[in-house]
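Since the structure comes first, as structure tokens, the remarks are kept for the end.
Residue numbers (the numbering used here): -5 to 265.
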């Protein structure tokens, strides 16, 4: 009799356990009945501010130039006036795809791609030091064409892999509206298309991996009706361009700190 009852009892216990797992609730903004993680995808736009940097320009093939400009100021170029009149990817956009897991879907990983733009300000006075087409310079000069212009405007392009943590702040009783704090930390690479003019010769032709980036960010996320969210995000990054492309087979290197404000809208997908 026991041999007959034991498999039956085991079946009842396993069935009950599986049923309990299937109906396990999540104290989170997403699906109330899920044993799996949540995929989140978002799109937004960014504003950027940069610290000054020393920029080294060097022709590595023919030795036509090898000089540094010191404490160069740079700004972004948002292009928000083009959002409704051209490609949505022309302004400074931000794309995110992430995966949240854990009991309350409160930690995970995310890939970030920020199409920021970096423009060395024309008309500013900088100190230049080094060889410029056979002439040694060690004096103040004004940045601008045809002498020198430099920008990453088909994107400074920050690609980052981030660990992320969500912390619940507020939610309503029905759990349709949810406010959370989001924190991220990580790093990756820069993938610019640099537009540079030196001695009247311009180059703006190729995207390529040109250095690395590391940073942290914090944000507020408002999830509503389980499937959608909006987020405000502040991001601090150390950016190092080790090999940006220049005319005459040259390369540029410089590093700086970047601060970004990002606003995005997104969707949650229950896996």
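All C-beta atoms in this analysis are idealised placements derived from N, C-alpha and C, irrespective of residue type, glycine included.
{"Query": "The segment 213 to 231 in contact with the segment 166 to 185 per 3-pair CB rule at 8 Å", "Result": "yes"}
{"Query": "Exposed unless 16 or more other CB atoms sit within 10 angstroms - verdict on residue 51", "Result": "buried"}
{"Query": "Residues near residue 200 in its chain [Cβ-Cβ closer than 8 Å; skip 5 each side]", "Result": "187 and 239"}
{"Query": "Residue 116 in three-state terms, based on DSSP", "Result": "coil"}
{"Query": "Three-way DSSP call (helix, strand, coil) for residue 134 in this model", "Result": "strand"}
{"Query": "Rounded separation between residue 112 and residue 194 - CA only", "Result": "20 Å"}
{"Query": "Three-state secondary structure (DSSP) of residue 74", "Result": "helix"}
{"Query": "Cα-Cα separation, residue 139 to residue 73", "Result": "22 Å"}
{"Query": "Short Cβ contact (8 Å threshold) for residue 42 with residue 88", "Result": "no"}
{"Query": "Rounded distance between the beta-carbons of residue 178 and residue 210, thought under 8 Å", "Result": "7 Å"}
{"Query": "Helix, strand or coil at residue 221 [DSSP, three-state]", "Result": "coil"}
{"Query": "First through last residue of the beta strand (DSSP E) which encompasses residue 61", "Result": "59 to 66"}
{"Query": "Residue closest to residue 33, alpha-carbon to alpha-carbon, out of 133, 82, 45 and 92", "Result": "92"}
{"Query": "Inter-residue Cα distance where the pair is residue 49 and residue 154", "Result": "23 Å"}
{"Query": "C-alpha distance - residue 67 paired with residue 94, whole-angstrom precision", "Result": "39 Å"}
{"Query": "Straight-line gap, residue 222 to residue 259 (C-alpha atoms, nearest Å)", "Result": "8 Å"}
{"Query": "Contact under 8 Å by Cβ, residue 320 with residue 122", "Result": "In this structure the chain extends from -5 to 265, so residue 320 is not present and cannot be described."}
{"Query": "Test item: CB-CB of residue 115 and residue 144 under 8 Å", "Result": "no"}
{"Query": "C-alpha gap between residue 44 and residue 167, whole angstroms", "Result": "43 Å"}
{"Query": "Integer-rounded CB distance, given that residue 47 should sit under 8 Å from residue 202", "Result": "Actually they are not in contact, since the Cβ atoms of residue 202 and residue 47 sit about 20 Å apart, beyond 8 Å."}
{"Query": "For residue 124 and residue 242, the rounded distance between their alpha carbons", "Result": "17 Å"}
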